[in-house]
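>
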Amino acid sequence: MIHSKAIIKSIVGFIVIFSIGCASSTDSRFGSNTTETSGNKHEKILREDIDISKYKTRIDFGDNSRQINTDLIKAWYDYPLKIDTSVGPPTIINTVNGYRVRVLSTENLNEADSLRNELYNKTNQKQIYIIFDPPFYRIEIGDFTDISSARYLRFKLNQIGYNEARVVGEKVNIYK
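If you want it as structure tokens, here you go:
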């Protein structure tokens, strides 16, 4: 009786091992006519004959000019009234140690993005950054080389309701 249980266990084990070994073999199930091998025997390159160019979508952005709210500009009376609305990023020529004003630090990217858009519309600052420092998104404004300009911006932000704004030391960009 003990010998028959051992024999049955060994037969079942052999069947399980044999079926697992056969199931892992892929060479007999798939032909190589749809793929081509590269230098590595496990790496295959798939060739597709679909032309997707007729499915491309053309997006027309129309007029890229922005309407400027002059009431908000009046709140920034010491800043120049001429605002550059040109399209395209300015050219960064150098980065130096400087100052920025941190308005918020949050874990929510949507909150950070909406605050960035809000600040862009309420101020005439173009340098508004969302910096990801895991797990937080920091919203920072400006590229100041002197601390007095950064403190002045923080003061103005406090006046319009951003009471948690503070000056922080950062690597700042110098533009052309």
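Take the sequence shown: its letter number 69 is residue 69 in our numbering, and every next letter is one higher.
Cβ atoms here follow ideal geometry from the backbone N, Cα and C, with glycine treated the same way.
Taking contact to mean 3 or more Cβ pairs, one atom from each stretch, closer than 8 Å, check whether the region 89 to 109 and the region 166 to 173 are in contact.
yes
> Is it true that the CB of Arg154 sits closer than 7 Å to the CB of Val101?
yes
> Consult DSSP for Asn163 and reduce its assignment to one of helix, strand or coil.
coil
> Nearest CA to the CA of Ser114: which residue from Tyr137, Ile50, Phe14 and Lys44?
Cα-wise, what sits closest to Ser114 is Tyr137.
> Quick check: Thr57 and Lys176, are their CB atoms within less than 7 Å of each other?
no
> Hey, how far is the Cα of His3 from the Cα of Ile17?
21 Å
> Once the 5 residues before and after Arg166 are set aside, which same chain residues still bring their CB inside 6 Å of it?
Arg102
> Rounded to whole angstroms, what's the CA-CA distance from Glu111 to Asp49? Just pull it up for me.
43 Å
> Just verifying my parser: in three-state terms, what is the DSSP assignment at Glu107?
Three-state DSSP puts Glu107 in coil, outside helix and strand.
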